[in-house]
Amino acid sequence: MPITANDPGRKTWLEVPANSDFPIQNIPFGVFLTRDDVITIGTRIGDFAIDLGALHQLDYFDGIPLTDDIFLQDTLNDFISDGKKTWRLVRNRIADIFDAENPKLRENEEHRKVILFGLDEIEMQMPVQVGDYTDFYSSKGHATNVGTMFRDPENALLPNWLHMPVGYHGRSSSIVPSGIPVNRPQGQTRPKDSDEPVFGPSKRVDFELEMAFITTDANHLGEPIPIAEAEDYIFGLVLFNDWSARDIQTWEYVPLGPFLAKNFASSVSPWIVTLDALEPFRTEGPKPEKKLLPYLQSKGKKSFDIELEVFLQPENGEETRLSKSNFKYMYWNMSQQLAHHTVNGCPVISGDMMGSGTISGPTPDSYGSMLELSWKGERPVKLKDGSERKFIEDNDTVIMRGFCQKKNYRIGFGEVSTKLLPVFEPKKK
Ligand code: MN
4 MPITANDPGR
14 KTWLEVPANS
24 DFPIQNIPFG
34 VFLTRDDVIT
44 IGTRIGDFAI
54 DLGALHQLDY
64 FDGIPLTDDI
74 FLQDTLNDFI
84 SDGKKTWRLV
94 RNRIADIFDA
104 ENPKLRENEE
114 HRKVILFGLD
124 EIEMQMPVQV
134 GDYTDFYSSK
144 GHATNVGTMF
154 RDPENALLPN
164 WLHMPVGYHG
174 RSSSIVPSGI
184 PVNRPQGQTR
194 PKDSDEPVFG
204 PSKRVDFELE
214 MAFITTDANH
224 LGEPIPIAEA
234 EDYIFGLVLF
244 NDWSARDIQT
254 WEYVPLGPFL
264 AKNFASSVSP
274 WIVTLDALEP
284 FRTEGPKPEK
294 KLLPYLQSKG
304 KKSFDIELEV
314 FLQPENGEET
324 RLSKSNFKYM
334 YWNMSQQLAH
344 HTVNGCPVIS
354 GDMMGSGTIS
364 GPTPDSYGSM
374 LELSWKGERP
384 VKLKDGSERK
394 FIEDNDTVIM
404 RGFCQKKNYR
414 IGFGEVSTKL
424 LPVFEPKKK
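Using our numbering, you'd call the opening residue of the sequence shown number 4 and step up by one each time.
Printed below as a string of structure tokens:
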């Protein structure tokens, strides 16, 4: 089925600011709370949030097989379960409704009043109920930097790394949308020159610049997803800040891997940009350096050219850009990740979230974490106000932005912006 929603020549009757992340060719999906305190599923064009529940009730999706309440829900999970064909039909129809040439809604003020919201009238929520969260470790730049810092520059990559997309199972309960602040975690660390651990606030709170893809119901227990079909089960992507506590991580991670250093919070951008919308931005990924086992051999352009940036904003201060990276630097693509994840028969369901792992490019200004940018604290990073950071300080806000750009054509993700609060203090009674 053609993706007519991607037509680069289409104009909309809504006003869209120049360089908006959300032109009519994007049509992402999200969940928001309206001015009337109603939760609904919606999309966004320019700076308008569009209530898909209201559009559906007013029969604008006539002819598309959708249950009556599909958009009147507080998560996208059921809509995502409907599958790729339905996502395409709905995106194509939304493009048609808001096409500059289509007067139906444009000329109906009553309908416009209940369908359109300003961004200041809504509050974005988590777009899905995350069933399971898996975090990969798929950027060669990042894995090499971390291996160099903590082990051996000569053997920075462990022997398995070039043969499989390494990952671990994370925790879905602490995934929050942009705008929700996060507390500095406490835990066990072991000070240098000591054999005994101490307990207290992490002194090395870090961000990880990642993207995450969201799946639909893909397979049954025991049934692997062939690599050639993997993309059929990917609904879309969000920006993903995978908060990490490096000092807790160093002490706890042997032998079972990340635990409390990684599961206190991960922050996501609230609009899911569909894989369909990203079609024009496909690109070749890095060539495999080792011959891959057949189940991991992917064909065609399976990487995506998505520019990524990280900014740090001190309290009441201005933003400093810390990093500029790109999703295309991923050594392992999403198809390989999903094929590997399910090759043993592990089921994947609607709303599962798969983090890419920190996306570090080849140059120091493209590193995706403070650990790498400050080289484990040895080279502090200078901010615009003259202050320095080795890691993230209390009341700093970390902002990640991402977009795809062609001439006069941009598909963006908006941002994920999160303030780091001091350690949690129980309310005094
Ligand atoms: Mn991570």
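The beta carbon of each residue, even a glycine, is placed where N, CA and C say it ideally should be. Since we're looking at a predicted model, the values are computed, not measured.
For V149, the closest of P383, S363 and D71 by C-alpha to C-alpha distance is S363. The residues I30, R94, N95 and A98, in chain order, have a CB closer than 6 Å to that of A8 in the same chain once the five nearest residues on each side in sequence are set aside. DSSP places A215 in the strand class (E or B) of the three-state scheme. Going down the chain, each residue whose beta-carbon is closer than 7 Å to a heavy atom of the ligand MN shows up: D138, E211, E213, D245, S247, K265, G358, G360 and T361. Sixteen is the threshold: when 16 or more other Cβ atoms of the shown chains lie within 10 Å of the Cβ of G371, as they do, the residue is buried. DSSP, read as helix, strand or coil, puts D235 in helix. Counting only runs that start and end inside the region 378-425, the beta strand (DSSP E) elements of at least 3 residues fall at 400-409 and 412-424.
Close CB contacts of P350 within its chain, under the 7 Å cut and outside five residues either way in sequence, are with N222, H223 and L224 (chain order). The beta carbon of P188 is closer than 6 Å to those of S205, A248 and F267 in its chain, skipping five residues each way along the sequence. For N329, the uninterrupted beta strand (DSSP E) run begins and ends at T323 to N329, by DSSP.
Of the candidates E312, W378, L296 and E282, E282 places its Cα closest to the Cα of G303. In the DSSP assignment, V117 falls outside any beta strand (DSSP E) and within the unbroken alpha helix (DSSP H) covering E112 to I118.
For the options D235, K327, I44 and L108, the alpha carbon positioned closest to that of M4 is the one of D235. One Cα belongs to G170, the other to I100, and the distance between them is close to 42 Å. Excluding sequence positions up to five before and after E226, its CB lies within less than 7 Å of the CB of G348, all in the same chain and listed in chain order. Taking C-beta atoms under 8 Å as the contact rule, L17 and F51 qualify, at a distance of about 6 Å. Per DSSP, A268 has no beta bridge partner at all. In the three-state DSSP reduction, N158 falls in the helix class (H, G or I).
Annotation: G144 is outside any beta strand (DSSP E); the continuous alpha helix (DSSP H) that includes it extends over K143 to F153. A residue is called buried when at least 16 other Cβ atoms come within 10 angstroms of its Cβ; F202 does not meet this threshold and is exposed. DSSP, read as helix, strand or coil, puts I251 in helix. Going by DSSP, V93 is part of no beta strand (DSSP E) but of the alpha helix (DSSP H) stretching over K87 to I100. In this chain, the alpha helix (DSSP H) harbouring Q339 covers M337 to T345.
For P106, the enclosing alpha helix (DSSP H) stretches over residues P106 to R109. Q316 sits in a strand when the DSSP states are folded into three classes.
When the alpha-carbon of E113 is set against those of G134, K327, F139 and L61, the nearest one is in L61. Cβ contact annotation for S369 (same chain, cutoff 8 Å, sequence separation greater than five): G144, S326, K327, S328, N329, Y332 and S363, in chain order. For S369, the three-state secondary structure derived from DSSP is helix. P200 and L259 have their C-alpha atoms roughly 18 Å apart.
Distance from S272 to V241 at the Cβ level is roughly 5 Å; contact confirmed, criterion being Cβ atoms closer than 8 Å. Classified as exposed, T70 has fewer than 16 neighbouring CB atoms from the shown chains inside 10 Å of its CB. By the beta-carbon neighbour count (other beta carbons within 10 angstroms, threshold 16), V257 is exposed.
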